[in-house]
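Student: Here it is, the structure in full.
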Amino acid sequence: RSWRVFKKISTTSGGNKVIKYDRWDQMKFEDKGFLINKNKYNENSVVAEFFTENHGKVSGLIFGATSSKIKNFLFLGNHLNLQFTSKNQNRAGYFKVEIEKIFTPHFLDNKIKLNCILYSLNLIKILTVENQSNIKIYNKIYNLFKILNENDWMRKFIFWELDVIKLVGYDINFNDYIDNNKLKENVSYVPTLDGSKDIPLFLLNKENTSIKIDELKNGFKIVGDFLNKSVLIPNNINYPLSRNEFLKLI
Numbered sequence: 004r005s006w007r008v009f010k011k012i013s014t015t016s017g018g019n020k021v022i023k024y025d026r027w028d029q030m031k032f033e034d035k036g037f038l039i040n041k042n043k044y045n046e047n048s049v050v051a052e053f054f055t056e057n058h059g060k061v062s063g064l065i066f067g068a069t070s071s072k073i074k075n076f077l078f079l080g081n082h083l084n085l086q087f088t089s090k091n092q093n094r095a096g097y098f099k100v101e102i103e104k105i106f107t108p109h110f111l112d113n114k115i116k117l118n119c120i121l122y123s124l125n126l127i128k129i130l131t132v133e134n135q136s137n138i139k140i141y142n143k144i145y146n147l148f149k150i151l152n153e154n155d156w157m158r159k160f161i162f163w164e165l166d167v168i169k170l171v172g173y174d175i176n177f178n179d180y181i182d183n184n185k186l187k188e189n190v191s192y193v194p195t196l197d198g199s200k201d202i203p204l205f206l207l208n209k210e211n212t213s214i215k216i217d218e219l220k221n222g223f224k225i226v227g228d229f230l231n232k233s234v235l236i237p238n239n240i241n242y243p244l245s246r247n248e249f250l251k252l253i
């Protein structure tokens with residue numbers, strides 16, 4: 004909700020006291036969201052970005068973020084209750100936060116999954132715009148943590164990544180780039196029509212769940228190439244280093 008707020012100002016003109024009212028827009032809302040990024044602002048505060056249920060990506064200050072009461076749950080990926088206030092369109096808003104549910108700390112001892120979380124949140128940060136709600140992306144973050152607890156989480160994560168890319172407007176069907184008659188053969192890879200790439204079978208047939216680690220690695224490379232050439236470069240977005248860090252661990 005937003006309100007028009009009028010501030011009373013007293014001035015003097017020709018010896019007479021004149022009352023004026025200066026107007027600004029004040030916005031307040033309550034929401035829930037996942038912490039997707041944070042950076043130090045000063046000794047006691049951080050600039051935080053949340054992907055919220057009803058308002059999409061929202062950024063603002065968290066005062067006192069270094070206090071023991073708050074810092075212990077300000078892990079990227081955790082889910083928080085938010086009170087957001089912005090007193091002026093030209094000034095940063097600020098959050099009051101309370102923990103709703105802890106997610107990321109459960110994976111602190113698993114370096115691969117932790118780096119997967121950090122990359123995933125970074126991907127959402129760079130592909131979304133401020134104040135544009137998208138409940139499907141919000142729900143995808145929930146889904147991410149469910150996937151990470153499954154045995155074949157790497158395969159499912161590749162399709163999670165493709166789904167997120169699709170939700171911001173970029174879809175790909177790898178079957179359009181191959182001779183589909185070759186799917187009938189007993190192969191792990193199918194070459195593209197131009198012969199430039201070999202597509203792992205599991206990207207072409209989601210029913211295929213018997214996958215070797217090298218096939219997963221190549222699947223990540225194929226998706227990364229699509230992400231970079233079709234999404235990032237045309238929008239002048241740098242390829243996320245966090246994706247490389249994650250892939251190095253596989």
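For the sequence shown, my numbering begins at 4 and goes up steadily by one.
Every residue, glycine too, gets a C-beta built ideally from N, C-alpha and C.
These figures come from a predicted structure and were not determined experimentally.
(1) Mind reading off the beta-carbon distance from Gly80 to Phe87? Whole number of angstroms is fine, and I expect it under 8 Å.
(2) By Cβ distance below 8 Å, which residues in the same chain neighbour Asn157 in space, the five residues on each side in sequence not counted?
(3) Assuming the contact rule is C-beta atoms closer than 8 Å, Gly67 and Asn47 should be a hit. Round their C-beta distance to whole Å, please.
(4) With DSSP collapsed to three states, give me the class of Gly227.
(5) Mind listing, in chain order, the continuous beta strand (DSSP E) runs of no fewer than 3 residues lying wholly within the segment 171 to 232?
(6) Whose C-alpha, out of Phe162, Glu164, Phe106, is nearest the C-alpha of Asn152?
(7) I'd like to know whether the C-beta atoms of Leu206 and Gly227 end up nearer to each other than 8 Å.
(8) Does DSSP put Asn84 in a helix, a strand or coil?
(9) Does the segment 183 to 198 come into contact with the segment 165 to 172, if we say contact requires no fewer than three beta-carbon pairs (one atom in each stretch) closer than 8 Å?
(10) Anyone know if the C-beta pair for Ile1 and Thr195 falls short of 8 Å?
(11) Applying the criterion that 16 or more other CB atoms from any shown protein chain within 10 Å of the CB defines a buried residue, is Lys187 buried or exposed?
(12) Given 8 Å as the limit, is there contact between the segment 49 to 60 and the segment 126 to 143, that is, 3 or more CB pairs closer than that?
(13) Does the ligand MN have a heavy atom nearer than 7 Å to the CB of Glu188?
(14) Taking the alpha-carbon positions, what's the Ser89 to Met30 distance?
(15) DSSP puts Val61 in a beta bridge; with which residues?
(16) What separation, rounded to the nearest whole angstrom, lies between the Cα atoms of Asp201 and Asn146?
(17) By DSSP's criteria, Phe37 is part of a beta bridge. Which residues make up the other side?
(18) For Asp155 and Phe98, I'd like the C-alpha separation in whole angstroms.
(19) When DSSP builds the beta bridges, which residues end up paired with Val100?
(20) Can you check whether the CB of Phe54 is closer than 8 Å to the CB of Ile150?
(21) Going straight from the alpha carbon of Asn84 to that of Phe76, what length do you get?
Tutor: On the basis of the supplied data:
(1) Not a contact, Cβ separation roughly 19 Å.
(2) Before going further, note that residue 157 is Met rather than Asn in the sequence given. Cβ within range, chain order: Leu219, Ile253.
(3) Contact flag correct, Cβ pair sits at about 6 Å.
(4) Reduced to three states, the DSSP call for Gly227 is helix.
(5) The segment 171 to 232 contains these whole beta strand (DSSP E) runs: 192 to 194, 201 to 203.
(6) The residue from Phe162, Glu164, Phe106 with its alpha-carbon nearest to that of Asn152 is Phe106.
(7) Not in contact: Leu206 and Gly227 (Cβ atoms no closer than 8 Å).
(8) Reduced to three states, the DSSP call for Asn84 is strand.
(9) Here the segment 183 to 198 makes no contact with the segment 165 to 172; the two share fewer than three CB pairs at distances below 8 Å.
(10) The chain is shown from 4 up to 253; residue 1 falls before or after that span and cannot be answered.
(11) In summary, Lys187 is exposed, with fewer than 16 beta-carbon neighbours lying within 10 Å of its beta-carbon over all protein chains present.
(12) Counting Cβ pairs under 8 Å, three or more are found: they touch.
(13) With respect to small molecules bound, the structure shown includes none, and the ligand MN cannot be examined in it.
(14) Cα to Cα, Ser89 sits roughly 5 Å from Met30.
(15) Val61 pairs with Phe53.
(16) Taking the straight line from one Cα to the other gives about 29 Å.
(17) Beta-bridge pairing links Phe37 to Phe54, His82.
(18) Straight-line Cα distance between these residues: approximately 37 Å.
(19) Answer by DSSP bridge pairing, in chain order: Leu85.
(20) No; because the gap between Cβ atoms is not below 8 Å, this pair is not in contact.
(21) Straight-line Cα distance between these residues: approximately 12 Å.
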